[in-house]
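Participant:
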Amino acid sequence: MDRFFFSAGAIAAFIAAVLGAFGSHYLRTKLTTEMLGIFEVGVRYQMYHAFGLIAVAWAITRWPQAKLNSAGWCFIVGITIFSGSLYILSITGMREIAVITPIGGLAFLAGWAVLIWSLNR
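Quick note on numbering that gives the first Met the number 0: the sequence shown kicks off at 0 and runs consecutively.
(1) For A58 and M0, what's the separation of their Cα atoms in angstroms?
(2) Would Q64 and S23 be called neighbours here (beta carbons separated by less than 8 Å)?
(3) Let me make sure I understand the geometry here. Which of I37, G36 and A70 has the alpha-carbon closest to that of F5?
(4) Could you tell me the distance, in whole angstroms, from the CA atom of A7 to the CA atom of C73?
(5) Report buried or exposed for G92, applying the criterion of at least 16 other Cβ atoms within 10 angstroms of its Cβ.
(6) Hey, L85 and G41 are a contact pair by Cβ (cut 8 Å); roughly how many whole angstroms apart?
(7) Counting C-beta neighbours from all protein chains within 10 Å, is the total for V98 16 or more, i.e. buried, or is it exposed?
(8) Entirely within the region 41-86 and at least 4 residues each: give me those alpha helix (DSSP H) ranges in chain order.
(9) Let's see if you can read the secondary structure: which residues bound the alpha helix (DSSP H) around I14?
(10) Could you tell me if F13 is buried or exposed, where buried requires 16 or more neighbouring beta carbons within 10 angstroms of its beta carbon?
(11) With respect to the alpha helix (DSSP H) encompassing T100, which residues constitute its N-terminal and C-terminal limits?
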């Protein structure tokens, strides 16, 4: 699983970099300041948690245990739901999607909590 989470983290970081450039160069003239800010929050949290996935991959090589896999999956779910919903909201203006954003935030928190719990047993 270490290679899977490392790859997922690298891919998520790559996508965040692409989306950050897309937002900065293209969306800046297409979105309102508020919606561009929302888009940028999605990119920022995706990048933070891409590094979280890489940290999980490293931790698995150091302290292999099944709980660490749960942290990685939480980060993947969080990126998908939190950042994904913010991208959809900012580009489409569909505010209803924002109801699922906190679920992604909770997945991020759960991932960090599981990571802490796994390493402090």
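Cβ atoms here follow ideal geometry from the backbone N, Cα and C, with glycine treated the same way. Being a predicted model, the structure only gives us computed values, none of them experimental.
Facilitator: On the basis of the data shown:
(1) Taking the straight line joining both Cα atoms gives about 11 Å.
(2) 8 Å or more divides the Cβ of Q64 from the Cβ of S23.
(3) Minimum Cα distance to F5 is reached at A70.
(4) Roughly 12 Å separates the two Cα atoms.
(5) Label assigned to G92: exposed.
(6) With 8 Å as the limit, L85 and G41 qualify as a contact, their Cβ atoms being about 3 Å apart.
(7) It counts as exposed.
(8) Complete alpha helix (DSSP H) runs here, min 4: 65-77.
(9) In the DSSP annotation of this structure, the continuous segment of the alpha helix (DSSP H) that includes I14 starts and ends at D1 to H24.
(10) By the Cβ-count criterion, F13 is exposed, with fewer than 16 other Cβ atoms from all chains shown falling within 10 Å of its own Cβ.
(11) First-last of the alpha helix (DSSP H) with T100: T100 to L118.
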